[in-house]
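Asker:
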């Protein structure tokens, strides 16, 4: 029995170490977006927001944090005066905001979309 417990603990430790090393592209791009915003670099922020949004769509479809990342992308595009480019991600964020787990406030998404139109 003690040997079995040792093997289980070793297996769990190995799995935890492997999981810690698995890159999360959504999170990496989101962090780059936040860093760029902090520097006031809207061009880099838009590029990173687009990569985070795309990675989330590929991984989670319309679930996960896709709605939040769509709203981030729309917002940074609005800050760059790219209203036409903000429209599609703002529409998606608004549509997904009806889902409670989306993490997006419907009013915020509607305001961003209204400004983009």
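In the working numbering, the protein residues as written are 6 to 122. Beta carbons are placed, not taken as given, at the ideal position from N, Cα and C, and that holds for glycine.
For residue 31, which residues in the same chain have their Cβ closer than 6 Å to its Cβ, ignoring the five residues on either side in sequence?
Answerer: For residue 31, where only same-chain residues beyond five positions count, the Cβ hits under 6 Å are 57, 60 and 61.
Asker: I'd like the list of long-range same chain contacts for residue 51, defined as Cβ closer than 7 Å, with 5 residues on each side in sequence excluded.
Answerer: So the qualifying residues of the chain are 81, 82 and 85.
Asker: Exposed or buried, residue 9, counting other C-beta atoms within 10 Å across all chains shown (16 or more means buried)?
Answerer: Unreliable positioning characterises residue 9 in this predicted model, as indicated by a pLDDT of 48, which lies under 50. The coordinate reading is nonetheless provided below. Label assigned to residue 9: exposed.
Asker: Quick one: complete alpha helix (DSSP H) runs, 4+ long, within the region 12-87?
Answerer: You should have 30-44, 47-65 and 71-84.
Asker: Got a sec? Which residues, its chain only, sit under 6 Å from residue 90 by beta carbon, not counting five neighbours each side?
Answerer: Result list for residue 90: 82, in chain order.
Asker: Could you check the C-alpha separation between residue 35 and residue 63 for me, to the nearest Å?
Answerer: Cα to Cα, the separation comes out at about 15 Å.
Asker: Determine the DSSP secondary structure at residue 103, reduced to helix, strand or coil.
Answerer: Here residue 103 sits in coil by DSSP.
Asker: Alpha carbon to alpha carbon, how far is residue 102 from residue 67? Give it in angstroms, no decimals.
Answerer: So the two alpha carbons sit approximately 11 Å from each other.
Asker: Label residue 71 either buried or exposed according to how many other C-beta atoms from any shown protein chain fall within 10 Å of its C-beta, with 16 as the threshold for buried.
Answerer: Counting Cβ neighbours within 10 Å, residue 71 comes out buried, since at least 16 surround it.
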